[in-house]
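Sequential numbering of the sequence shown, starting at -2, is according to the working numbering. Just so it is clear, CB atoms sit at the ideal spot from N, CA and C, and this is done for glycine as well. Here's the structure, in structure tokens; my notes come after.
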Amino acid sequence: MGNREDAEDVVSEVFRRVFRKIATYDSSHPFVPWLYRIALHESFSLLRRRRAQTRRFAPLPLREPASECRIERNASFSELAMRARAILRELPADQERAIRMHDMENVPAALLSRSLEIPLPTLKSRLRRARRAIRVRLENPFSQRLPRS
């Protein structure tokens, strides 16, 4: 989610939803993928709301003063991380979701494919396309668009 407060908001909303929707749960199916799907929907719902707010109100980020030594040491990593996050936001939603959940949240591919209700080969294909697009943009920062997959 990017920060602790957003993650806490999502967790509390997931528990509220589970409490309200537990009657609709089909006990013939595993519980964890059902719960995970609710968490996934809530996470992306919050990210969509944040993205919409950011587009409307994009203030300059506040930065705390830092020593010149620390800036030099972390500048290249910070720049690369910022570029990667920006590129990630430009990916198609299905690829962004796959990368975030599998590569950043360490969700196993088999569980993620069940939660997203897509075949495992489809998930792996999305991951490959997303990684390739990110790599191409990071290697060529002046390219305007992500490659077509």
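Rounded to a whole number of angstroms, what is the C-alpha to C-alpha distance between P118 and P30? 18 Å
The alpha helix (DSSP H) enclosing T119, as first and last residue numbers: Counted as a single uninterrupted DSSP element, the alpha helix (DSSP H) harbouring T119 occupies residues 117 to 136.
Apply the 10 Å Cβ neighbour rule to A55 and answer buried if 16 or more other Cβ atoms are within range, or exposed otherwise. Bear in mind that a pLDDT of 48 at A55, under 50, signals an unreliable position, so the number given afterwards is only what the model happens to contain. That one is exposed.
Our contact map puts L120 next to S110 with C-beta atoms below 8 Å; I'd like the distance itself, whole angstroms only. 4 Å
Is L57 buried or exposed, if buried means 16 or more other CB atoms sit within 10 Å of its CB? With a pLDDT of 49 at L57, under the threshold of 50, the predicted position of this residue should be treated as unreliable, and no value is reported.
Extent of the continuous alpha helix (DSSP H) to which I96 belongs: 90 to 96
Identify which residue in S24, R47, I19 has its Cα closest to the Cα of A4. R47
Straight-line CA distance for N171 to Y33? Residue 171 lies beyond the stretch modelled for the chain, which goes from -2 to 146, so this question has no answer here.
Assuming E5 is part of the alpha helix (DSSP H), what are its boundary residues? 1 to 18
In whole angstroms, what is the alpha-carbon distance linking S122 and A78? 24 Å
Rounded to whole angstroms, how far is the Cβ of A36 from the Cβ of Q92, which I believe are closer than 8 Å? Not a contact, Cβ separation roughly 20 Å.
For the alpha helix (DSSP H) containing S25, list its first residue and its last residue. First-last for S25: undefined, no H or E at that position.
Using a Cβ-Cβ cut-off of 8 Å (strictly less than) and excluding sequence neighbours within five positions of K18, which residues of its own chain qualify? Closer than 8 Å at Cβ, skipping near neighbours: I35.
List the whole-angstrom C-beta distance separating L85 from I96, where the pair is believed to meet the contact cut-off of C-beta under 8 Å. 6 Å
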